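With the working numbering applied, the sequence shown corresponds to residues 11 to 406, in that order.
Glycine residues also receive a C-beta, built at the ideal position from the N, C-alpha and C atoms.
Keep in mind that this is a model prediction, so the values were computed, not measured.
See structure below.
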Amino acid sequence: MKRVFLTVALLSAALLLAGCGGGSMVSNTVDAINPMNWFGSRSAAPEMAPLPALAQSVAVKTLWQANIGNSGQAIFAPAVVGDSVYAAASDGSISRLDAVSGRQLWRISAGERLTGGVGAGVGLVAVGSGRGEVLAFDGSGTALWKAQVSSEVLAAPQVAEGLVVVRSADGRIFGLDAKDGKRKWYYQRSTPALTVRSPVGISIYDGVVYAGFAGGKLVAISLASGAVRWEATVALPRGTTELERVTDVIGLPVVEGREVCAVAYQGRIGCFDISNGQALWGRELSSTSGLALDVSYAYVSDDKGAVLALDRSGGTSLWRQDKLRLRNLSAPYAYGREIVVADIQGYVHFLARDSGAFIGRAATDGSPVSTNPVRLPNGGFLIQTRNGGLYAFSTQ
C-alpha cells in the first residue's frame, strides 16, 4: 500500500522526550493513504475503482521473478547496474541478482533495519537506515564503510562520479566520498511546519543534482561542490490553513533533453530549462507519486488515480485515463509504445501511449506497488512489491 504521511514537528513534545535517548525529533503523523480521507473513517471513504474490462492487445511476458524480503513501512526500489540487479528489504537484507535470469548471486545482511535503498554504481552499493546511517558495500557484498547523516534516510542514495549523494528526511542533501564515506559537501534549506513525508529522492544528470522540496521548490546543485546553480518554483502554496498550503514536490525530478520536470502535491507540474531554471511551462495538477517523460509527452499519475498525458511543448492535455480511481498508482513508466503504472493490489497496467486505452495487465503477488518501474538492460523492466516480490516483465 502506498503510504504517504503528513508530518508536523512538535517542538514541545520533542523537548519533553529529549531525555529518553536518541534525540530524534518527535512528530505527529497523519495516515494519508487516500488524501481525500485524512480525517474520516476508512470505511466511509470512496471506494477504489474496480478493474476495467480488458481486451488484451499486447502479450505481457514474465521474464523472471524473485523474492527479496518485505519492505515493511519503507518504500524500496531495485537498482540496475550493468548486468546486475540490487534490491533490499526492511530487515536489512541486500540481494544481488542476475538481470537476465533473476538468479541470486549473493545475499547479505546490512546489520541494520533499512528505510532507504538501493543506490548502486560500478563497484558500490549504498543503502540507508532509520537511524540516519548510510552503509556502503562493494560488488561482492563486502562492507566498505558507514557514514552518519542528520536524520533517517527514506530515499535511495545515488552513486555518481565518485560520490554517494544521500537525502535525509529533514531535507538535507549530503555528498559523501564513495571511497570512505567522508562528507564532501551538504545542502540544506528551511522547511515548512507541515510537509508530506515521502521517500522523495534526487536525480543526477550531467554533473547536476536535481531535488524537489517542500513549498514547491526545485533546486539544481553542482554534484562536484554542492553549490546551488539555480532554484525554480514548481508551485506556490495556496489556501488559508497549513494543510491547504502543503505544496511539496513529489517523486523524482525527471530530465529529458534540455528540460527537467517535476510535480507537486496540491500544486502543479512544471518543466524548466536545465541550464538556468527558466520556466518553460506548467499547469495545475496534484500528484503523490510522480511523473515520466519521453521525447514528446509528459505522463503523470494524479492523486486521485488518473493517468494523464501532456504535450511537452506546452502542457496541453492529450488524454486522461481515469478508470483507476483511488488505486494509489505508481508514477508512470514510458515503455516504448506503452505507458506502465502499478497499483495498490499489485497489478501492472499497460496503457497505449497515444490514447491511454488499456491494452494489457499483469498480476504480481497482490501486495501494493509503491515504487516506479525500473528499466532492465535487456529491454524489460522491474516491479518491486511491498511483500518483497521482484518481477521482470516485457512486452517486446
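In chain order, what are the residue ranges of uninterrupted beta strand (DSSP E) at least 3 long that sit wholly in the region 156-238?
Taking only runs of at least 3 residues, the beta strand (DSSP E) segments lying wholly in the region 156-238 are 168-170, 173-177, 183-187, 193-197, 204-207, 212-215, 218-223 and 227-232.
How close, in whole Å, do the beta carbons of SER81 and ARG396 come, if the pair is a contact with beta carbons under 8 Å?
5 Å
Excluding the five sequence neighbours on either side, which residues of its own chain have a C-beta within less than 6 Å of the C-beta of GLY185, listed in chain order?
So the qualifying residues of the chain are LEU173, VAL175, LYS194, TRP195 and GLY236.
For the candidate residues TYR215, SER404, VAL379 and GLY211, whose alpha-carbon lies nearest to that of SER340?
VAL379
DSSP beta-bridge partners for THR243?
LYS227
Taking the alpha-carbon positions, what's the PHE86 to LEU290 distance?
32 Å
In angstroms, rounded to a whole number, what distance separates the CA positions of GLN394 and SER105?
Approximately 13 Å, taken between the alpha carbons.
When we look at the beta-carbon of ARG330 and count the other beta-carbons within 10 Å, is it buried (16 or more) or exposed?
exposed
Does the beta-carbon of VAL305 have 16 or more other beta-carbons within 10 angstroms, so that it is buried, or is it exposed?
exposed
Would you kindly work out how many angstroms separate the C-alpha atoms of THR374 and VAL229, rounded to a whole number?
36 Å
Taking VAL137 as the reference, which of ALA166, VAL68, TYR275 and SER200 has the closest Cα?
The shortest Cα separation from VAL137 among ALA166, VAL68, TYR275 and SER200 belongs to ALA166.
Pick from ASP101, LYS71, GLY249 and ILE231: whose alpha carbon is nearest that of ALA242?
ILE231
Any idea if LEU303 is buried or exposed, counting beta-carbon neighbours within 10 angstroms, 16 or more meaning buried?
LEU303 comes out buried.
Could you tell me the alpha carbon to alpha carbon distance between ASP258 and GLY280, rounded to whole angstroms?
13 Å
Cβ atoms of ALA319 and LEU328: under 9 Å apart, would you say?
Result yes, Cβ atoms of LEU328 and ALA319 sit closer than 9 Å.
From this set, GLY131, LEU154, ILE260 and SER67, which residue's C-alpha is nearest TYR96's C-alpha?
GLY131
Is ALA372 closer than 9 Å to PHE360 when the C-beta atoms are compared?
The beta carbons of PHE360 and ALA372 sit closer together than 9 Å.
On the DSSP bridge list, what partners appear for TYR343?
VAL350
Among residues of its own chain, excluding the 5 on either side of LEU262, which ones have a beta-carbon nearer than 7 Å to its beta-carbon?
The residues GLY211, SER213 and GLY300, in chain order, have a CB closer than 7 Å to that of LEU262 in the same chain once the five nearest residues on each side in sequence are set aside.
Is ARG337 helix, strand or coil when you go by DSSP?
ARG337 falls in the coil class under three-state DSSP.
So, at 8 Å on beta carbons, what are the nonlocal neighbours of GLY226 in its own chain, with the 5 sequence-adjacent residues on each side left out?
THR243, VAL244, ALA245, LEU246, PRO247, THR257, ASP258, VAL259, ALA274, GLY277 and ARG278
Going by other Cβ atoms of all chains shown within 10 Å of its Cβ, with 16 needed for buried, is GLY389 buried or exposed?
exposed
Buried or exposed, going by whether 16 or more other CB atoms sit within 10 Å of the CB of ASP216?
exposed
Taking the straight line between their C-alpha atoms, what separation do you get for VAL90 and ALA69?
24 Å
Quick check on ASP283: does DSSP put it in helix, strand or coil?
strand
CA-CA distance, PHE147 and LEU334?
40 Å
When DSSP builds the beta bridges, which residues end up paired with GLU294?
ARG278
Who pairs with GLY356 in a beta bridge, going by DSSP?
Note: GLY356 sits in no beta bridge, so no partner.
Spatial neighbours of ASP93 within its chain, please: C-beta separation below 6 Å, excluding the five flanking residues on both sides.
ALA109
Taking ALA63 as part of the beta strand (DSSP E), name the residues at either end of that continuous run.
Element bounds for ALA63: n/a, residue is neither H nor E.
Going by the CB atoms, is the gap between TYR401 and TRP74 shorter than 9 Å?
yes
What are the residues that DSSP puts in a beta bridge with GLY126?
Within the DSSP bridge table, the entry for GLY126 names GLY138 as partners.
Using 8 Å for Cβ pairs, my map puts SER161 next to SER178. What's the rounded Cβ distance?
In this structure SER161 is in contact with SER178, their Cβ atoms being roughly 4 Å apart against a cut-off of 8 Å.
According to DSSP, is ASP332 helix, strand or coil?
Coil at ASP332, not helix or strand.
Would VAL310 and SER297 be called neighbours here (beta carbons separated by less than 9 Å)?
Taking the C-beta atoms as reference points, SER297 is found nearer than 9 Å to VAL310.
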